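K.L.:
Numbering follows UniProt numbering, with no gaps: position 115 of the sequence shown is 115.
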Amino acid sequence: MDALPMVERDPTLPERVTIYEVGPRDGLQNEAGIVPVDAKVAFIRDLIAAGLPVVEATSFVHPKWVPQLADAGEVVARLPMDGAVPLPVLVPNERGLDRALEAGVRHIAIFASATETFARKNLNSSVEDQFAMFEPVVARALDAGVDVRAYVSMCFGDPWEGPVDPAQVVRVGSRLLDLGATQLSIGDTIGVGTAAHVARLVAEFAAAGVGAERLAMHFHDTYGQALANALAALRCGITTFDASAGGLGGCPYAESATGNLATEDLVWMLNGLGIEHGVDLPALVRASVAMAQVLGRESPSAVVRALA
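#1: Taking C-alpha atoms, which residue in 32, 23, 283 lies nearest to residue 56?
#2: Can you give the Cα-Cα distance for residue 25 and residue 116, rounded to whole angstroms?
#3: Distance, Cα to Cα, residue 197 vs residue 214?
#4: Ignoring anything shorter than 4 residues or poking outside the stretch 9–71, list the alpha helix (DSSP H) runs there in chain order.
#5: Could you give the distance in angstroms between the alpha-carbon of residue 212 and the alpha-carbon of residue 50?
#6: Pick out the complete alpha helix (DSSP H) segments inside the stretch 207–251, 4 residues or longer, and give them in chain order.
#7: Cutting at 8 Å between CB atoms, please list the residues of its own chain near residue 178, excluding the five before and the five after it.
#8: Can you tell me the Cβ-Cβ gap for residue 265 and residue 303, rounded? I've got them flagged as a contact below 8 Å.
#9: Using a Cβ-Cβ cut-off of 6 Å (strictly less than) and excluding sequence neighbours within five positions of residue 201, which residues of its own chain qualify?
#10: Can you list, in chain order, the residues of its chain with a C-beta nearer than 6 Å to that of residue 70? Leave out the 5 residues immediately preceding and following it.
#11: Residue 164 to residue 149, Cα distance in whole Å?
#12: Would you tell me roughly how many angstroms separate the C-alpha atoms of residue 38 and residue 99, rounded to the nearest one?
#13: Given a cut-off of 9 Å, decide if residue 194 and residue 220 are closer than it, judged by their beta-carbon atoms.
#14: Would you call the stretch 170–184 and the stretch 202–209 in contact, with 3 or more CB pairs under 8 Å?
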């Protein structure tokens with residue numbers, strides 16, 4: 001099995017991509033049972049050892065809203081925040097930023113919505129008002145020398161509003177970049193996107209002056225389309241992909257949002273395409289198997305199940 005998959009290089013695709021690992025935060029945040037701090041820290045360290053170039057560690061959100069991440073401060077205190085591998089944390093507001101700065105965090109992410117209903121459910125804000133909330137967070141972070149990434153959720157469809165106009169996604173995303181975010185992650189929060197939809201959205205951003213090098217893609221596999229969508233994004237020049245080890249994940253504010261694109265499944269596809277990523281697949285599988293044992297269930301990743 002070590003020689004598989006066979007490599008068939010497609011010269012029209014990027015030579016290398018960056019995998020932005022979200023398993024410790026987005027992957028675990030919806031788990032009902034609280035995962036011990038020791039297990040979270042071990043998971044993150046295992047992911048770093050497997051070669052993931054970025055590992056999102058946790059979120060400084062109020063524990064009332066996401067109880068699973070109430071231990072964020074303790075997790076961060078036990079990690080090499082000034083190490084070679086960036087360990088971003090999600091911050092929802094200025095209070096979250098205060099906690100991140102006090103903890104020595106050097107990379108943060110903010111989380112916006114492309115739709116009104118999700119903005120009100122997730123942020124207690126409107127689409128328009130969310131920018132006023134994020135502006136001081138981004139400005140203060142940049143002043144402190146902290147890198148800022150922005151997520152936009154519900155970019156392909158919304159469970160309450162239905163189809164989402166790509167122009168609306170571009171308006172929201174462009175404003176976040178204008179605030180000072182260095183990268184924009186486009187989220188298919190409920191997994192309804194399809195390959196042509198991905199291509200259209202990337203093209204609409206390009207028409208607005210936002211090139212593929214500033215975008216990342218964040219796919220969920222609710223309808224089994226995550227890998228197809230990732231391949232479509234590759235063909236559009238996207239070189240950063242969010243993924244979750246073992247396919248863990250879901251959104252606490254959208255019940256139809258199931259697991260993220262599994263990092264192992266993405267790595268297997270990239271290996272077959274001859275695209276470099278720097279990740280040790282067997283080590284990554286071991287990390288996911290260990291977390292699956294902590295959670296008491298089998299990993300949803302097809303590659304983990306096949307190799308483990």
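Don't be surprised by glycine CBs; every beta carbon is placed ideally from N, CA and C.
Quick caveat: nothing in here was measured; it's all calculated off a predicted structure.
P.N.:
Reading from the atomic positions:
#1: The count along the sequence shown starts at 1 and reaches residue 56 at position 56. Ranking 32, 23, 283 by Cα distance to residue 56 puts 23 first.
#2: The residue you call residue 25 lines up with position 25 of the sequence shown. The residue you call residue 116 lines up with position 116 of the sequence shown. Distance between the alpha carbons of residue 25 and residue 116: 24 Å.
#3: Walking along the sequence shown from the start, residue 197 turns up at place 197. Walking along the sequence shown from the start, residue 214 turns up at place 214. Cα to Cα, residue 197 sits roughly 18 Å from residue 214.
#4: Correct list: 37–49.
#5: Sequence index remark: in the sequence shown, residue 212 carries index 212 (1-based). Sequence index remark: in the sequence shown, residue 50 carries index 50 (1-based). Each residue's Cα considered, the two are about 27 Å apart.
#6: 226–235
#7: Counting from one through the sequence shown, the residue named residue 178 turns up at place 178. So no residue of the chain qualifies.
#8: As a working mapping, residue 265 is identified with position 265 in the sequence shown. As a working mapping, residue 303 is identified with position 303 in the sequence shown. Correct: roughly 5 Å between the Cβ atoms.
#9: To locate residue 201, count along the sequence shown from 1; it is residue 201. Excluding residues within five positions, the ones whose Cβ falls inside 6 Å are 166.
#10: On the sequence shown, residue 70 is found 70 positions in, with the first residue counted as 1. Only 63 meet the Cβ criterion.
#11: Residue numbering aside, residue 164 sits at position 164 when the sequence shown is read from its first letter. Residue numbering aside, residue 149 sits at position 149 when the sequence shown is read from its first letter. Computed Cα separation, rounded: 22 Å.
#12: Position 38 of the sequence shown, counted from the start, is the residue given in the question as residue 38. Position 99 of the sequence shown, counted from the start, is the residue given in the question as residue 99. Whole-angstrom Cα-Cα distance: 21 Å.
#13: Position 220 of the sequence shown holds residue 220. Position 194 of the sequence shown holds residue 194. Cβ atoms of residue 220 and residue 194: not closer than 9 Å.
#14: yes
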